[in-house]
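Reviewing the structure listed below.
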Amino acid sequence: AAAPASPGGCRAAEVGGIAQVDFRLSGTRNAPLLRGNAMVTGPRFGEANPPLLRAAYDYADRTARANVAFWRLGEPVLEIDATVPFDLALAPRTQRRLPGPIEIRATADSAELAIIEAFTNSVRSTTGAMSLDLTVGGTWDDPRLSGTAAVYDGRTTIPNLGVRYSPIRGTATFDGDSLIVERLTLASDEGELAIEGSVRF
Numbered sequence: 001a002a003a004p005a006s007p008g009g010c011r012a013a014e015v016g017g018i019a020q021v022d023f024r025l026s027g028t029r030n031a032p033l034l035r036g037n038a039m040v041t042g043p044r045f046g047e048a049n050p051p052l053l054r055a056a057y058d059y060a061d062r063t064a065r066a067n068v069a070f071w072r073l074g075e076p077v078l079e080i081d082a083t084v085p086f087d088l089a090l091a092p093r094t095q096r097r098l099p100g101p102i103e104i105r106a107t108a109d110s111a112e113l114a115i116i117e118a119f120t121n122s123v124r125s126t127t128g129a130m131s132l133d134l135t136v137g138g139t140w141d142d143p144r145l146s147g148t149a150a151v152y153d154g155r156t157t158i159p160n161l162g163v164r165y166s167p168i169r170g171t172a173t174f175d176g177d178s179l180i181v182e183r184l185t186l187a188s189d190e191g192e193l194a195i196e197g198s199v200r201f
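Count the sequence shown with our numbering and you get residues 1 to 201, in order.
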């Protein structure tokens with residue numbers, strides 16, 4: 001059944017699909033060993049139908065590793081690889097994030113923009129594609145970003161504003177601690193909005 005409508009008139013996304021999870025835990029309370037994988041077939045978030053989701057993870061020696069990938073027609077369209085120093089001990093800890101290098105890589109080739117509806121119910125009927133090549137290095141205290149992102153022929157409706165943006169196009173680069181928007185345009189029946197600038201994380 002659909003979730004109740006929010007005060008703004010937008011329904012929370014309906015969630016569907018079949019999940020398979022393999023979770024294995026061994027070791028000791030202070031030095032656990034974890035490994036496993038997960039797969040979600042036919043995921044559905046409201047009107048969005050993202051691709052098949054596969055994930056694999058392991059943890060040992062206070063280092064967590066994970067790979068998450070969205071697949072369509074046998075090819076990964078969005079993939080994330082991460083290796084981070086983290087303390088997942090089952091005993092209490094005052095600090096979980098540990099010193100040492102972090103390595104995160106996210107890549108996408110023509111990934112569907114509809115996937116954003118899995119994370120918010122503020123937009124509906126989203127179409128278009130995005131590409132992403134993001135690398136995060138450095139440390140927890142001083143992460144360093146590099147890479148690019150682009151949106152192609154995006155379209156989305158914001159029910160709370162009663163407006164549909166079409167088309168949405170843009171390119172951006174990641175540099176150091178910032179996302180630099182080279183140009184982002186959003187068109188509607190009322191005109192066109194062009195955005196340039198940067199966001200510092």
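The beta carbon of each residue, even a glycine, is placed where N, CA and C say it ideally should be.
Run of the beta strand (DSSP E) containing residue i, from where it starts to where it stops
i: Val111; result: Looking at the sequence shown, residue 111 is not Val but Ala. From DSSP, the beta strand (DSSP E) with Ala111 extends over 103 to 112.
i: Pro76; result: 75 to 85
i: Phe23; result: 15 to 27
i: Ser131; result: 124 to 138
i: Glu206; result: Any answer about residue 206 is impossible in this case: the structure gives the chain only from 1 up to 201.
i: Thr94; result: It is not in any beta strand (DSSP E) - Thr94 carries neither H nor E in the DSSP assignment.
Closest by C-alpha distance to residue i, when choosing among the options
i: Val40; options: Thr171, Tyr57, Gln20; result: Gln20
i: Ala150; options: Gly137, Val15, Leu132, Arg164; result: Leu132
i: Ala38; options: Val68, Thr63, Ala31, Arg29; result: Val68
i: Ser146; options: Thr135, Tyr152, Gly154; result: Thr135
i: Leu184; options: Thr156, Glu196, Trp71; result: Glu196
i: Glu192; options: Pro167, Thr83, Leu161, Asp58; result: Pro167
DSSP bridge partner residues for residue i (one or two, in chain order)
i: Ile158; result: Val163
i: Phe70; result: Leu53, Leu78
i: Arg35; result: Arg24, Asp58
i: Asp175; result: Ser146, Ser178
i: Glu192; result: Ala187
i: Gly197; result: Val181
Residue i, buried or exposed, once every other Cβ within 10 Å from all chains shown has been counted against 16
i: Val77; result: buried
i: Glu103; result: exposed
i: Thr126; result: buried
i: Glu112; result: buried
i: Gly8; result: For Gly8, the pLDDT reaches just 44, beneath the cut-off of 50, and the residue's location in the model is therefore unreliable, although a value from the coordinates is still provided. Gly8 should be labelled exposed.
i: Ala91; result: exposed
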